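Chemist:
Numbering (our numbering), first residue to last: 5 to 386.
Shown next as structure tokens:
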């Protein structure tokens, strides 16, 4: 999940440049999801041909809901919201996802905190730490920190210049970004609850159908809102790079990885890593986009990383405890199946157990030392 955040951070930087360049965002989203579908569909036929789902009305409904919540709505809302808010708020918006996922999970009874246990309290504290760190990152500035001196500025040639970087944060933009996060959280919970990955034939089919439905919706919206065909022309520029990167790498490769993490670790584990994305974007922004880095950003980043580390460690410890409990139960069952002849013969107290895997269990069951040395000593004394 750490590598996923680096990939998402790269997408955010590219989108930030395209937004400042005045690109048609609806067309950009339509191309992104279309490229993702074209990339993933052949992989689904090649690697999961035997898992191809049968066409049913339930499959169509699941694909439609998954495409809306996981592809169409987040992309349609997020990029225009980024254009109407500050760059810092847009980068920090993903930090709200753990809280939204946790609240929605509790509402739908898909997440349990178990505040009476250390694991539940640590999960809650780690999630709150991530959100509090994001608030500190956004609202507390402090002194400006100069890490390096560079003249690199990727936004120097944009049409709008700095207009979208520091302009006023509109209420509509905030609501659009929050709506994008709510839709993403609902998609995460849907993946965890309905086992859509299996019902749609696996990760590749899941991603292909989701992106296919999302691209269809976005193409219809783009065609209805803008009839200028010149907006659909792609050249060899940053817009093509952003479209290919976000479509193939992010929507095509990362989404199956995220779906797999949801199935194995749960939706909260996936969203709690999102604070790392903000730290990466802040560092790249201060280096290449001439965005100042303040003391509040560093303090907030440290708090967020602490929350991520806490939840991650608790999850690992819980998994280890479950594995230890399972091993202990299997050992007890094996001991209960040992008979008298497994440890001793019928005429003496000499140990005749020659299976080293049962030696320690014989020792505990018969309360007499059992092993090759004990067998030879007992045999020599008879």
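Ideal placement from N, C-alpha and C gives every residue a C-beta, glycine not left out.
The structure presented is a predicted model; accordingly, all values stated were derived computationally and were not measured.
(1) With residue 87 as the anchor, note down where its alpha helix (DSSP H) starts and where it stops.
(2) For residue 149, does the three-state DSSP call read helix, strand or coil?
(3) Rounded to a whole number of angstroms, what is the C-alpha to C-alpha distance between residue 213 and residue 72?
(4) Can you list, in chain order, the residues of its chain with a C-beta nearer than 8 Å to that of residue 206? Leave out the 5 residues immediately preceding and following it.
(5) Does any heavy atom of the ligand SAM sit closer than 7 Å to the C-beta of residue 59?
(6) Alpha helix (DSSP H) containing residue 9: first to last residue?
(7) Any idea what DSSP makes of residue 3, helix, strand or coil?
(8) Can you name, in chain order, every residue of its own chain whose Cβ lies under 7 Å from the Cβ of residue 45, other than the five neighbours on each side?
(9) Classify residue 209: buried if its beta carbon has 16 or more other beta carbons within 10 angstroms, exposed otherwise.
(10) Just the C-alpha distance for residue 36 and residue 264, rounded to the nearest angstrom, thanks.
(11) Give me whichever residues DSSP pairs with residue 298 in a beta bridge.
(12) Using C-beta distances below 6 Å, list every residue in its chain close to residue 145, excluding the 5 sequence neighbours before and after it, in chain order.
(13) Assuming the contact rule is C-beta atoms closer than 8 Å, residue 6 and residue 277 should be a hit. Round their C-beta distance to whole Å, please.
(14) Along the alpha helix (DSSP H) that carries residue 61, what are the first and last residues, could you check?
(15) Return the chain-ordered list of same chain residues with a C-beta closer than 6 Å to the C-beta of residue 137, the five sequence neighbours on each side being excluded.
(16) Give the DSSP-derived three-state secondary structure of residue 112 in the structure shown.
(17) Could you give the distance in angstroms between the alpha-carbon of residue 2 and the alpha-carbon of residue 285?
(18) Going along the chain, which residues of its own chain have a beta-carbon closer than 7 Å to the beta-carbon of residue 244, five neighbours each way excluded?
(19) Would you tell me roughly how many angstroms separate the C-alpha atoms of residue 29 and residue 189, rounded to the nearest one?
(20) Cα separation between residue 15 and residue 246?
(21) Kindly list the residues whose CB is nearer than 7 Å to the CB of residue 167, restricted to its own chain and excluding five residues on each side of it in sequence; keep chain order.
(22) Report the CB separation of residue 1 from residue 26 in whole angstroms; it is logged as a contact under 8 Å.
(23) How would you label residue 116, buried or exposed, when you count the other beta carbons within 10 angstroms and need 16 or more for buried?
(24) Using the Cα positions of residue 225 and residue 126, report the straight-line distance between them to the nearest angstrom.
(25) Is it buried or exposed for residue 9, if we count other Cβ within 10 angstroms and need 16 for buried?
(26) Taking C-beta to C-beta, are residue 19 and residue 281 nearer than 8 Å?
(27) Would you call the stretch 174 to 182 in contact with the stretch 77 to 92, where contact means no fewer than 3 C-beta pairs closer than 8 Å?
(28) Does DSSP put residue 123 in a helix, a strand or coil?
(29) Looking at the structure shown, is residue 212 part of a helix, part of a strand, or coil, going by DSSP?
(30) Alpha carbons only, please: which of 229, 216, 236, 203 is nearest the one belonging to residue 74?
(31) Helix, strand or coil, according to DSSP, for residue 185 in the structure here?
(32) Return the Cβ separation of residue 43 and residue 252 in integer angstroms, given the expectation that the two are a contact with Cβ distance under 8 Å.
(33) If we count the other Cβ atoms within 10 Å of its Cβ and call it buried at 16 or more, is residue 262 buried or exposed?
(34) Would you call the CB atoms of residue 70 and residue 194 closer than 8 Å?
(35) Thinking just about the alpha-carbon of each residue, which of 196, 105, 147 is nearest to the one in residue 268?
Modeler: Checking against the coordinates, here is how it stands:
(1) Against the chain shown, residue 87 aligns to sequence position 83. Secondary structure note for residue 87: its alpha helix (DSSP H) is the uninterrupted segment 77 to 88.
(2) If you number the chain shown from 1, residue 149 lands on position 145. Strand at residue 149.
(3) One-based indexing of the chain shown puts residue 213 at position 209. One-based indexing of the chain shown puts residue 72 at position 68. Rounded to the nearest angstrom, the two C-alpha atoms are 11 Å apart.
(4) Locating residue 206 in the chain shown gives position 202, counting from the first residue. So the qualifying residues of the chain are 48, 52, 55.
(5) Summarising the ligand content, the structure contains no ligands, and the ligand SAM is consequently not present.
(6) What you label residue 9 is simply residue 5 of the chain shown in a count that begins at 1. 6 to 24 is the extent of the alpha helix (DSSP H) around residue 9.
(7) Look at the range of the chain in this structure, 5 to 386, and you will see that residue 3 is not part of it.
(8) As a first step, residue 45 must be located in the chain shown, where it is residue number 41. So the list reads 212, once near-sequence residues are dropped.
(9) As a working mapping, residue 209 is identified with position 205 in the chain shown. Residue 209 is buried by the Cβ-count criterion.
(10) Taking the chain shown and counting its residues from 1, one reaches residue 36 at position 32. Taking the chain shown and counting its residues from 1, one reaches residue 264 at position 260. Spanning the two alpha carbons is a distance of roughly 22 Å.
(11) The residue labelled residue 298 in the question sits at position 294 within the chain shown. Partner(s): 148.
(12) On the chain shown, residue 145 is found 141 positions in, with the first residue counted as 1. The residues are 298, 300.
(13) For the purposes of this step, residue 6 is taken as the residue at position 2 of the chain shown. For the purposes of this step, residue 277 is taken as the residue at position 273 of the chain shown. With 8 Å as the limit, residue 6 and residue 277 qualify as a contact, their Cβ atoms being about 7 Å apart.
(14) The residue you call residue 61 lines up with position 57 of the chain shown. Element bounds for residue 61: 61 to 71.
(15) The residue you call residue 137 lines up with position 133 of the chain shown. Correct list, in chain order: 304, 307, 308.
(16) Position 108 of the chain shown, counted from the first residue, corresponds to residue 112. When DSSP states are grouped into helix, strand and coil, residue 112 belongs to the coil group.
(17) Past the boundaries of the shown model lies residue 2; the chain is included only from 5 to 386, so the question cannot be answered.
(18) The residue labelled residue 244 in the question sits at position 240 within the chain shown. So the list reads 238, once near-sequence residues are dropped.
(19) What you label residue 29 is simply residue 25 of the chain shown in a count that begins at 1. What you label residue 189 is simply residue 185 of the chain shown in a count that begins at 1. So the two alpha carbons sit approximately 22 Å from each other.
(20) On the chain shown, residue 15 is found 11 positions in, with the first residue counted as 1. On the chain shown, residue 246 is found 242 positions in, with the first residue counted as 1. Those two C-alpha atoms are separated by around 7 Å.
(21) By 1-based counting over the chain shown, the position of residue 167 is 163. Summary for residue 167: the model assigns pLDDT 41, below 50, so the residue's position carries little reliability; its value from the coordinates is reported in the next sentence. Contacts found: none.
(22) For the chain, the structure presents residues 5 to 386; residue 1 sits outside this window and is missing.
(23) In the chain shown, residue 116 corresponds to position 112, counting from 1. Flag for residue 116 reads exposed.
(24) Start at 1 with the first residue of the chain shown, and residue 225 comes out as number 221. Start at 1 with the first residue of the chain shown, and residue 126 comes out as number 122. Straight-line Cα distance between these residues: approximately 43 Å.
(25) Indexing the chain shown from 1 puts residue 9 at position 5. In summary, residue 9 is buried, with 16 or more beta-carbon neighbours lying within 10 Å of its beta-carbon over all protein chains present.
(26) Here the question's residue 19 lines up with position 15 in the chain shown. Here the question's residue 281 lines up with position 277 in the chain shown. Taking 8 Å as the Cβ cut-off, residue 19 and residue 281 do not qualify as a contacting pair.
(27) yes
(28) Your numbering for residue 123 matches position 119 in the chain shown. Under the three-state reduction of DSSP output, residue 123 falls in the helix class.
(29) For the purposes of this step, residue 212 is taken as residue 208 along the chain shown, with counting starting at 1. Correct three-state label for residue 212: helix.
(30) One-based indexing of the chain shown puts residue 74 at position 70. Nearest of 229, 216, 236, 203 to residue 74, Cα basis: 216.
(31) Translated into the one-based positions of the chain shown, residue 185 becomes position 181. Residue 185 falls in the helix class under three-state DSSP.
(32) Along the chain shown, one-based indexing puts residue 43 at 39. Along the chain shown, one-based indexing puts residue 252 at 248. Sure, about 5 Å apart at Cβ, within 8 Å.
(33) To locate residue 262, count along the chain shown from 1; it is residue 258. With 16 or more Cβ atoms within 10 Å of its Cβ, residue 262 is classed as buried.
(34) The count along the chain shown starts at 1 and reaches residue 70 at position 66. The count along the chain shown starts at 1 and reaches residue 194 at position 190. A contact, by the Cβ cut-off of 8 Å.
(35) On the chain shown, position 264 is the one that residue 268 refers to. Answer by Cα proximity: 196.
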